[in-house]
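Chains as they are written, first to last, in this note's numbering: chain A, 1 to 119; chain B, 120 to 369.
All residues carry an ideal CB built from backbone N, CA and C; glycine is no exception.
Please read these numbers as outputs of a predicted model, since none were measured by experiment.
See the structure below:
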């Protein structure tokens with residue numbers, strides 16, 4: 001049944017976010033530290049273990065892949081609910097601060113990628 | 120049935136209205152991509168741009184979700200469903216692939232945070248801010264729009280500076296969404312390893328997720344994996360290490 005896949009996915013997300021919260025609290029932070037990443041690792045490990053025991057059938061997998069495929073529309077909704085006006089109203093300094101960070105990061109990324117080509 | 124009654128149905132079923140509205144946007148965007156750009160600009164990139172444009176036009180703090188009929192966009196694109204969908208994209212990825220890019224991703228996280236703080240801080244100094252607290256806070260905003268206010272609040276920055284740091288973070292998120300699909304080919308962003316490095320360097324969750332979705336959906340879980348550590352790490356290092364360094368320098 002599809003719900004088994006979706007339930008497993010939801011469980012991994014909630015467990016991962018709770019663990020990320022706990023990891024943050026460990027450093028005295030009121031914020032999440034890697035929750036989504038931990039949830040992804042949990043999902044990979046649990047689905048792998050279940051599949052090996054033959055406990056994850058195609059319909060259950062469908063309950064996970066549906067959400068993976070709905071990802072782009074969710075991102076479109078996220079883009080539509082961003083405070084874009086706020087970004088535009090921050091003035092030149094805010095715009096330059098944000099853009100210079102992005103520009104520098106792209107330059108560094110290019111160096112990273114080029115070093116791989118040389119090796 | 121009157122228009123008010125129709126509106127009431129749409130508002131009461133906000134999430135469903137959002138599904139329908141986003142579906143229509145996607146259909147229109149893929150049509151534009153195929154017909155007007157001959158597939159050169161990916162449909163998802165156009166859809167994300169359309170979403171941003173709607174948010175700018177609507178003008179609210181929650182973009183288009185501040186319009187009552189479209190309030191469901193806030194739920195559909197909010198943290199809960201976003202995290203569910205992004206974790207789902209990891210299904211089918213082999214753990215070894217994450218491990219292979221793990222070290223590069225971790226290095227990228229530290230480099231990315233340092234570069235963002237330095238770039239944002241340098242701009243703040245250029246615009247006449249001289250105290251370490253303001254410069255750190257604006258540099259933190261150039262990391263993400265969450266690191267900025269968290270750092271500013273911890274250091275006791277003025278509310279004007281905190282607002283600037285949030286705006287810097289928003290500019291970063293939006294520009295990563297827009298620029299990533301355009302620059303991906305030029306910076307070698309076409310494999311899992313460079314996607315993990317990208318996630319660690321940029322760090323802005325919404326920017327990384329939308330940018331990669333518009334570039335190549337297969338890369339999404341890799342970028343998300345490292346980006347998810349960025350904000351937490353930034354909140355950790357901003358008020359401590361980066362503030363201490365700037366205090367010593369200024």
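Chain B residues whose Cβ lies nearer than 9 Å to that of residue i
i, result
"residue 71/A", "201, 204, 205, 207, 208, 328, 332, 336, 339"
"residue 41/A", "209, 214, 217, 344"
Under 7 Å by beta carbon: chain A residues contacting residue i
i, result
"residue 160/B", "What residue 160/B touches in chain A: nothing, since even the nearest Cβ is about 14 Å away."
"residue 347/B", "34, 35, 36, 37"
"residue 306/B", "106, 109, 110, 113"
"residue 269/B", "31"
"residue 231/B", "105"
Residue i and residue j closer than 8 Å at C-beta
i, j, result
"residue 316/B", "residue 221/B", "no"
"residue 39/A", "residue 13/A", "yes"
"residue 268/B", "residue 257/B", "no"
"residue 37/A", "residue 344/B", "yes"
"residue 326/B", "residue 296/B", "yes"
"residue 35/A", "residue 347/B", "yes"
"residue 94/B", "residue 318/B", "Past the edges of chain B, shown from 120 to 369, lies residue 94/B, and the structure says nothing about it."
"residue 207/B", "residue 64/A", "yes"
"residue 313/B", "residue 112/A", "yes"
"residue 203/B", "residue 22/A", "no"
"residue 232/B", "residue 273/B", "no"
"residue 320/B", "residue 227/B", "yes"
Closer than 7 Å at the beta carbon, the chain B residues around residue i
i, result
"residue 47/A", "210"
"residue 44/A", "209, 212, 214"
"residue 95/A", "290"
"residue 10/A", "203"
Neighbour list for residue i in chain A, Cβ cutoff strictly below 9 Å
i, result
"residue 366/B", "Those within 9 Å of residue 366/B in chain A number zero; the least Cβ separation is about 19 Å."
"residue 292/B", "82, 87, 98"
Under 8 Å from the C-beta of residue i: neighbouring residues of chain A
i, result
"residue 95/B", "Missing from the structure shown is residue 95/B; chain B here goes from 120 to 369 and no further."
"residue 321/B", "102, 105"
"residue 192/B", "77, 80, 81"
"residue 235/B", "101, 104, 105"
Cutoff 8 Å: residue i Cβ touching any chain C Cβ
i, result
"residue 361/B", "Going by chain labels, chain C is absent from the structure shown, which instead holds the protein chains A and B."
Whole-number beta carbon distance between residue j and residue i, since they are thought to touch under 8 Å
i, j, result
"residue 89/A", "residue 286/B", "7 Å"
"residue 165/B", "residue 188/B", "Not confirmed; about 23 Å, so no contact."
"residue 368/B", "residue 255/B", "Not a contact, Cβ separation roughly 11 Å."
"residue 350/B", "residue 293/B", "That pair is no contact at about 17 Å."
"residue 75/A", "residue 167/B", "6 Å"
Under 8 Å from the C-beta of residue i: neighbouring residues of chain B
i, result
"residue 17/A", "202"
Proximity test, residue i beta-carbon vs the ligand COA heavy atom, cut-off 7 Å
i, result
"residue 172/B", "Annotation note on the ligand COA: not contained in the displayed structure, which lists no ligands."
Please determine if the stretch 133 to 142 of chain B and the stretch 186 to 195 of chain B are in contact, where contact requires at least 3 C-beta pairs separated by less than 8 Å.
yes
Closer than 8 Å is the cut-off here; do at least three beta carbon pairs connect the stretch 3 to 23 of chain A with the stretch 249 to 256 of chain B?
no
Decide yes or no for the touch test of the stretch 139 to 156 of chain B against the stretch 327 to 347 of chain B: beta carbon pairs closer than 8 Å, at least 3 of them.
no
Taking any Cβ of chain A, which residues in the stretch 168 to 181 of chain B have a Cβ under 7 Å from it, in chain order?
170, 171, 173, 174, 175, 178, 180, 181
Should the stretch 26 to 36 of chain A be regarded as contacting the stretch 53 to 68 of chain A, the criterion being three or more beta carbon pairs within less than 8 Å?
no
Evaluate the contact criterion for the stretch 174 to 188 of chain B versus the stretch 72 to 85 of chain A: three or more CB pairs, one atom per stretch, below 8 Å.
As far as the Cβ criterion goes, the stretch 174 to 188 of chain B touches the stretch 72 to 85 of chain A, which means the pair count is three or higher.
For the stretch 56 to 86 of chain A, list every residue whose C-beta sits within 7 Å of some C-beta in chain B, in sequence order.
64, 65, 67, 68, 70, 71, 72, 73, 74, 75, 76, 77, 78, 79, 80, 81, 82, 83, 84, 85, 86
With a threshold of 8 Å, are at least 3 pairs of Cβ atoms found where one atom belongs to the stretch 204 to 218 of chain B and the other to the stretch 97 to 110 of chain A?
no
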